[in-house]
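Colleague:
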Amino acid sequence: MVRMQLSRRRFLQGVSWLSAGTLVAACTAPMPTPAGMDEGAAAEPVRIRFAGWGNTEELTLYENIAAAHREEDPGIEIENLGFPFSDYAQKLFAWIASGDPP
């Protein structure tokens with residue numbers, strides 16, 4: 364087996380190249396803001412559809428969490444679609460088939 368030793372000169376060359384590459388990468392120009400992404404523009408509200416299954420207590424808990432979030436961030440509209448487990452699979456497949464899944 365051939366054992367290569369790393370000389371001080373080779374080590375310093377490698378570190379120099381690595382430093383130069385890092386410096387070049389750090390000095391690139393910032394990317395322009397994509398059209399329609401202006402920070403000052405008023406954004407449309409975001410709509411989230413949440414589908415889940417559970418018993419009555421769990422579904423009430425999901426709705427309470429969604430209501431608390433609506434108060435905290437009115438720009439996000441949460442539609443809570445909760446069903447008993449026995450109905451969930453059938454409803455989910457129907458949503459997927461219609462092209463409008465949650």
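Be aware that the sequence shown starts at 364, since it is given in this note's numbering, and climbs by one per residue. Even for Gly, the Cβ is constructed at its ideal location relative to N, Cα and C.
With distances taken Cα to Cα, identify the nearest neighbour of Glu-420 among Glu-434, Gly-438, Phe-446.
Modeller: With distances taken between Cα atoms, Glu-420 lies closest to Phe-446.
Colleague: I need the straight-line Cα distance from Lys-454 to Tyr-425, nearest angstrom please.
Modeller: Taking the straight line from one Cα to the other gives about 18 Å.
Colleague: Is DSSP giving Ala-388 helix, strand or coil here?
Modeller: Helix, per DSSP.
Colleague: Looking at the structure shown, is Asn-427 part of a helix, part of a strand, or coil, going by DSSP?
Modeller: Asn-427: helix per DSSP, three-state reduction.
Colleague: Arg-412 to Pro-465, Cα distance in whole Å?
Modeller: Using only the alpha carbons, I get a separation of about 5 Å.
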